Amino acid sequence: MSGDAGGDVELVAIDSDAVWPEDAAEVEEAVVANWFVREGTRVEAGETVCEIQIEKVSIDVPAPATGVLETIEVPDNGEFGRGDALGYVRVG
Amino acid sequence: MAETETEAAGRELTMSRAMVEAIAGEMREDEEVFYMGEDVADYGGIFDSTEGLLEEFGHDRVMDVPISETAYIGAAVGAAQAGMRPIAELMFVDFFGVCMDQIYNGMAKNTYMSGGSFTVPMVLTTAVGGGYNDAGQHSQTLYGTFAHLPGMKVVVPSTAYDAKGLMHAAIRDDDPVVYMFHKRLMGIGWMPAPEGPKTPVPEEDYTIPFGEAAVRREGADATVVTLGLHVHRALSAAEELAAEGIETEVIDLRTLVPLDAETVLESVRKTGRLVVVDEDYRSFGLTGEVVARAAEGALSDLEAVERLGIPDVPIPYARPLENEVIPGTEDVAEAVRSVQG
Numbered sequence: 647m648s649g650d651a652g653g654d655v656e657l658v659a660i661d662s663d664a665v666w667p668e669d670a671a672e673v674e675e676a677v678v679a680n681w682f683v684r685e686g687t688r689v690e691a692g693e694t695v696c697e698i699q700i701e702k703v704s705i706d707v708p709a710p711a712t713g714v715l716e717t718i719e720v721p722d723n724g725e726f727g728r729g730d731a732l733g734y735v736r737v738g
Numbered sequence: 002m003a004e005t006e007t008e009a010a011g012r013e014l015t016m017s018r019a020m021v022e023a024i025a026g027e028m029r030e031d032e033e034v035f036y037m038g039e040d041v042a043d044y045g046g047i048f049d050s051t052e053g054l055l056e057e058f059g060h061d062r063v064m065d066v067p068i069s070e071t072a073y074i075g076a077a078v079g080a081a082q083a084g085m086r087p088i089a090e091l092m093f094v095d096f097f098g099v100c101m102d103q104i105y106n107g108m109a110k111n112t113y114m115s116g117g118s119f120t121v122p123m124v125l126t127t128a129v130g131g132g133y134n135d136a137g138q139h140s141q142t143l144y145g146t147f148a149h150l151p152g153m154k155v156v157v158p159s160t161a162y163d164a165k166g167l168m169h170a171a172i173r174d175d176d177p178v179v180y181m182f183h184k185r186l187m188g189i190g191w192m193p194a195p196e197g198p199k200t201p202v203p204e205e206d207y208t209i210p211f212g213e214a215a216v217r218r219e220g221a222d223a224t225v226v227t228l229g230l231h232v233h234r235a236l237s238a239a240e241e242l243a244a245e246g247i248e249t250e251v252i253d254l255r256t257l258v259p260l261d262a263e264t265v266l267e268s269v270r271k272t273g274r275l276v277v278v279d280e281d282y283r284s285f286g287l288t289g290e291v292v293a294r295a296a297e298g299a300l301s302d303l304e305a306v307e308r309l310g311i312p313d314v315p316i317p318y319a320r321p322l323e324n325e326v327i328p329g330t331e332d333v334a335e336a337v338r339s340v341q342g
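In structure tokens, the structure reads:
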């Protein structure tokens, strides 16, 4: 889940696997429908940061930690696979 | 929209989420506010207009109704007259035909017909617009049809920020308000929106007063007056035109009734060149109305006029044909070029 980018900076991945619905276990690809925060914005753990779609089912994705949205790895309308990091939150 | 961006604190919402946030806020504040419509409870609205409301408020206040628009819009009119603040959703504006008596003889006129004994403080929400190949009975905007009839206020948001503020204002208004939301702006996963409608949205309540257009971009060479989806197409066209040295002013009407003619006139007095862009039919509608207002109020300043709308044909299903009849960014740019001296 978490990686160390050097120094005291702790980056936590927004893990798509954590929100993957059980009934979509066979599905391997999904798409990001909307990001609700931009890079550099403060987020609270549990706050919805983006919405993904898996076979037309929308799922809100919560921030895994409190901190700053460091990077968006999959942009709006971008496709990704199960387990890909959607972005990273810098804890703090 | 610089004002919008400085007011909000980082969070951005899609238009559908902004609408829902306003509805939920009003429902928490006032138990007389409730929502009725087809597929608005368990499904959350086919265009996400009520997503999540059922979970918080339950089936007593977020009601799926049988497929009789006459019955439930009529019920909303009665509930409003009895002191409640109903919101009734007409799933597609195209379906107005089966329930128009309740809308324009009841909702719109009962205050007048009762000599002011009743007010009808209800909101009629409805999905409008095309651009996703849903053919002639599910793609119309019909802005002109509703704005034409006296007794109803008519609002058309183009951004999430406006969607929330206009919804708060609509629910609090003591008169009936028709709230027309464009499907392509809602930010639904299966129908991606253009860049633009997703904006910062403050957490707290705010209202956008009716009758105030927004100048989305300033320019001295031409005025484009539009609304809804075409605000974003006009802004894209203006970007392209700026590279050619043509500075376009883009006015988002935001409310049709009341209509902010003064903002249009001020702009026309400056530019002298008016392009009106509508997604409704060309004849007997918004484009003609705005041009007429400009002629009445600023005739001597007008140098050239152009209007874009659906060319009086049913909206085709086939993608290339639909793209042909609905004004696109390039059509707007070409119209602005054509009015240059």
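Quick note, the sequences are listed as chains L and W, same order.
Going letter by letter, the first sequence gives residues 647 to 738 in my numbering.
Going letter by letter, the second sequence gives residues 2 to 342 in my numbering.
Virtual Cβ for every residue (Gly too), placed ideally from N, Cα, C.
Since the model is a prediction, treat every value here as computed from it, not as a measurement.
Exposure label - residue i; buried when at least 16 CB within 10 Å
i	result
residue 199 of chain W	buried
residue 123 of chain W	buried
residue 324 of chain W	exposed
residue 184 of chain W	buried
residue 231 of chain W	buried
residue 681 of chain L	buried
residue 114 of chain W	exposed
residue 710 of chain L	buried
residue 261 of chain W	buried
residue 159 of chain W	buried
residue 804 of chain L	Within the shown structure, residues of chain L are numbered from 647 to 738, placing residue 804 of chain L beyond reach of any answer.
residue 277 of chain W	buried
residue 282 of chain W	buried
residue 322 of chain W	exposed
residue 285 of chain W	exposed
residue 19 of chain W	buried
residue 274 of chain W	buried
residue 316 of chain W	buried
residue 17 of chain W	buried
residue 29 of chain W	exposed
residue 166 of chain W	buried
residue 692 of chain L	exposed
residue 3 of chain W	Unreliable placement is indicated for residue 3 of chain W, whose pLDDT of 39 sits below 50; no coordinate value is reported for it.
Contact check, residue i vs residue j, beta carbons under 8 Å
i	j	result
residue 728 of chain L	residue 666 of chain L	yes
residue 54 of chain W	residue 36 of chain W	yes
residue 176 of chain W	residue 249 of chain W	no
residue 683 of chain L	residue 12 of chain W	yes
residue 50 of chain W	residue 90 of chain W	yes
residue 150 of chain W	residue 83 of chain W	no
residue 225 of chain W	residue 337 of chain W	yes
residue 65 of chain W	residue 27 of chain W	no
residue 299 of chain W	residue 269 of chain W	yes
residue 253 of chain W	residue 214 of chain W	yes
residue 719 of chain L	residue 677 of chain L	no
residue 139 of chain W	residue 95 of chain W	yes
residue 333 of chain W	residue 309 of chain W	yes
residue 23 of chain W	residue 57 of chain W	no
residue 48 of chain W	residue 189 of chain W	yes
residue 194 of chain W	residue 180 of chain W	no
residue 655 of chain L	residue 734 of chain L	no
residue 128 of chain W	residue 92 of chain W	yes
residue 142 of chain W	residue 307 of chain W	no
Min CB distance residue i to chain L below 8 Å
i	result
residue 193 of chain W	yes
residue 190 of chain W	yes
residue 199 of chain W	yes
residue 7 of chain W	With a pLDDT of only 39 at residue 7 of chain W, under the threshold of 50, the placement of this residue in the model should not be trusted; the figure read from the coordinates follows. By this cut-off, residue 7 of chain W is not an interface position.
Cutoff 8 Å: residue i Cβ touching any chain W Cβ
i	result
residue 697 of chain L	yes
residue 736 of chain L	no
residue 687 of chain L	yes
residue 728 of chain L	no
residue 733 of chain L	no
Where the alpha helix (DSSP H) containing residue i begins and where it ends
i	result
residue 332 of chain W	330–339
residue 86 of chain W	Looking at the DSSP string, residue 86 of chain W is not in any alpha helix (DSSP H); the run it does join, the beta strand (DSSP E), is 86–93.
residue 282 of chain W	Segment 274–282 is the beta strand (DSSP E) holding residue 282 of chain W; no alpha helix (DSSP H) there.
residue 320 of chain W	320–326
Endpoints, beta strand (DSSP E) assigned at residue i
i	result
residue 147 of chain W	Segment 144–149 is the alpha helix (DSSP H) holding residue 147 of chain W; no beta strand (DSSP E) there.
residue 21 of chain W	Residue 21 of chain W -> not in any beta strand (DSSP E); alpha helix (DSSP H) instead, spanning 16–30.
residue 125 of chain W	124–129
residue 295 of chain W	Here residue 295 of chain W belongs to no beta strand (DSSP E); instead the alpha helix (DSSP H) covers 287–299.
residue 717 of chain L	713–718
residue 154 of chain W	154–156
heavy atom of the ligand COA below 7 Å from residue i C-beta
i	result
residue 719 of chain L	Ligands are entirely absent from the displayed structure, and the ligand COA is therefore not among its contents.
By the 9 Å beta-carbon criterion, what residues does the stretch 12–35 of chain W contribute toward chain L?
12, 13, 14, 15, 18
Mind listing which residues of the stretch 657–688 of chain L have their C-beta closer than 8 Å to chain W's C-betas, in chain order?
677, 679, 680, 681, 682, 683, 684, 687, 688
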